[in-house]
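Take a look at the structure below.
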């Protein structure tokens, strides 16, 4: 399956094979992103806009696949869903332009997320699901704007 990815300002769209993204992810470890990163890129007025764009450009430059867990994808779509189907479709197209894969939340991810949540009281379940996907796919980086995640996994990188 082929689709165009890129879309971050200053980068040119390119054709990317989804199975190639998985192969790259196995070699260098993908970057798993939280909804805060995608929303930061989407909204130029967001406090994390510049750092989110910079972080994703850096990941691309290093050849890293960018993954947005299905749970975080749902969070990104909530605001657009309030505005209607056209806004939802535009937001989904935007996500497709910057994300290589939306991994599902399966039984294994759910079990790991429960463990993360139990060990770190300040991390809510939606956040634990993102961390769990990062652990499951062997992410090199788990990127978020939420500093509370730092203690949960050594791969967590906070947007600055």
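In my numbering, the protein residues as written are 1373 to 1532. Every residue gets a Cβ at the ideal spot worked out from N, C-alpha and C, and that includes glycine.
What separation, rounded to the nearest whole angstrom, lies between the Cα atoms of residue i and residue j?
| i | j | result |
| --- | --- | --- |
| residue 1479 | residue 1442 | 13 Å |
| residue 1501 | residue 1525 | 13 Å |
| residue 1477 | residue 1528 | 19 Å |
| residue 1417 | residue 1440 | 22 Å |
| residue 1461 | residue 1490 | 36 Å |
| residue 1457 | residue 1449 | 10 Å |
| residue 1434 | residue 1455 | 36 Å |
| residue 1396 | residue 1453 | Per-residue confidence for residue 1396 stands at a pLDDT of 45, beneath the threshold of 50, marking its modelled position as unreliable; no derived number is given. |
| residue 1509 | residue 1465 | 24 Å |
| residue 1488 | residue 1469 | 30 Å |
| residue 1507 | residue 1498 | 15 Å |
| residue 1447 | residue 1463 | 11 Å |
| residue 1410 | residue 1483 | 25 Å |
| residue 1515 | residue 1474 | 15 Å |
With H, G and I counted as helix, E and B as strand and the rest as coil, what does DSSP make of residue i?
| i | result |
| --- | --- |
| residue 1515 | strand |
| residue 1392 | Here the model assigns residue 1392 a pLDDT of 48, short of 50, so the residue's position is not dependable and the matter cannot be decided. |
| residue 1503 | helix |
| residue 1484 | helix |
| residue 1495 | coil |
| residue 1470 | helix |
So, residue i versus residue j, is the Cβ gap smaller than 9 Å?
| i | j | result |
| --- | --- | --- |
| residue 1511 | residue 1401 | yes |
| residue 1517 | residue 1451 | no |
| residue 1403 | residue 1427 | yes |
| residue 1444 | residue 1415 | no |
| residue 1429 | residue 1513 | no |
| residue 1532 | residue 1494 | no |
| residue 1481 | residue 1505 | yes |
Less than 8 Å between the CB atoms is what I'm expecting for residue i and residue j, so what's the real figure, rounded?
| i | j | result |
| --- | --- | --- |
| residue 1492 | residue 1523 | 6 Å |
| residue 1503 | residue 1471 | No, residue 1503 and residue 1471 are not in contact; Cβ-Cβ is about 17 Å, not under 8 Å. |
| residue 1408 | residue 1421 | Not quite, the Cβ-Cβ distance comes to about 11 Å (not below 8 Å), so this is no contact. |
How far does the beta strand (DSSP E) with residue i in it extend, from its first residue to its last?
| i | result |
| --- | --- |
| residue 1528 | 1528 to 1530 |
| residue 1403 | 1403 to 1405 |
Output the boundary residues of the alpha helix (DSSP H) element that contains residue i.
| i | result |
| --- | --- |
| residue 1450 | 1442 to 1455 |
| residue 1421 | 1421 to 1433 |
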